[in-house]
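Single-structure report; data block below.
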Amino acid sequence: MYEHVPEHLKPVVARIARATLQPLPDPWLPPIWHPVGGLASVGFAPDSELLLVTSSAGRGVFDCITGERVARDDDVDARAWEDPFSLTARGIGPLGGTSIRMTGLYGGGLPTLTRAGWQAETVHLDWLNPMLLLVAPGSDLLDCRAGHEAQFWRVESGAGALRAWGFSSTGSTLLLATSADIRIFCRRTNAT
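This is the structure we're talking about:
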């Protein structure tokens, strides 16, 4: 099945393929899930756990620490508040008057590395179904040397229409956004 994988990487690919969904390790908390139909883009306020989400039904702001939606706007005229060329959107609620850098349907990206060394990796063993992995600090997913197996956790696979995957700028929140939902993973605030 992986005939085009270099011989030295086949054990790594096999280990990734065998990985099962499991709870993330301490200090990560269980995920918070919110359905968001027609999700287009997401963006974190700088140095914050406030997340702006745009969709075909308007905008919402989520506090990723509590998991609560703290603001909602059902204005569906995205041309009035989102610029798909500059990848920005106007915030609402606690982000009102703020231009937020967005990622999703039109491009962009979230950080895939935290200052503490956690990494978010997207692996395409089956190109239609990306596998999303959280890699522990100090681990290298592709390190094949004996005794250097990477520590990683499979967060999701077959995520469908993946829109965004990565961390807030603080590194305290790991986000997975698809065309239909968001999944928020937070670290305890006093943890590395």
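Residue numbers (our numbering): 16 to 207.
No residue lacks a Cβ here, since even glycine has one placed at the ideal position from N, Cα and C.
* **Own chain partners of R87 with C-beta closer than 6 Å, once the 5 adjacent residues on each side are dropped** => Scanning its chain for C-beta atoms nearer than 6 Å, with the 5 sequence neighbours on each side dropped, one finds around R87 the residues G75, in chain order.
* Integer Cβ distance of V91 from G73, believed to fall under 8 Å -> With a Cβ gap of about 6 Å, V91 and G73 count as contacting.
* **Local conformation of I31 per DSSP, three classes** => I31: helix per DSSP, three-state reduction.
* Asked: Short check: CB of A165 to CB of V27, under 9 Å?
  -> It is a contact, given that the beta carbons lie within the stated cut-off.
* Is it true that the CB of L191 sits closer than 9 Å to the CB of C201? -> Note that the C-beta distance between C201 and L191 is not below 9 Å.
* Asked: For P21, does the three-state DSSP call read helix, strand or coil?
  -> Residue state for P21 is assigned as coil, using DSSP reduced to three classes.
* **L149 versus F100, R94, L67 and T129, residue with shortest Cα-Cα distance** => Per the Cα distances, T129.
* To do: Quick one: give me the first and last residue of the beta strand (DSSP E) that W43 is part of.
  => Careful: W43 lies outside any beta strand (DSSP E) and carries neither H nor E.
* Short check: CB of L66 to CB of S194, under 9 Å? -> No, these two residues do not count as a Cβ contact at 9 Å.
* **Supposed close pair G181, P145 - CB separation, criterion 8 Å** => Approximately 13 Å separates the beta-carbon atoms of G181 and P145; this is outside 8 Å, ruling out the contact.
* Grab me the residues of D158's own chain with a C-beta within less than 7 Å of its C-beta, minus the 5 sequence neighbours each way, in chain order. => Taking C-beta separations shorter than 7 Å and ignoring five residues to either side along the sequence, the partners of D158 in its chain run A165, following chain order.
* Is the beta carbon of A95 less than 9 Å from the beta carbon of A55? -> No.
* 7 Å Cβ shell around G82 - same chain, five flanking residues per side excluded -> Close CB contacts of G82 within its chain, under the 7 Å cut and outside five residues either way in sequence, are with I47 and I199 (chain order).
* **Per DSSP, the bridge partner or partners of A192** => Under DSSP, A192 shares a beta bridge with A179 and I197.
* Cα separation between Y121 and S70? -> Each residue's alpha carbon lies about 12 Å from the other.
* **Residues near G124 by beta carbon distance below 8 Å, same chain, minus five either side** => Around G124: T118, A179 and G181.
* To do: Determine the closest residue to V138 out of H163, W168 and F77, with distance taken between C-alpha atoms.
  => The option with the nearest alpha carbon to V138 is W168.
* Extent of the continuous beta strand (DSSP E) to which E83 belongs -> Segment E83 to D88, the beta strand (DSSP E) holding E83.
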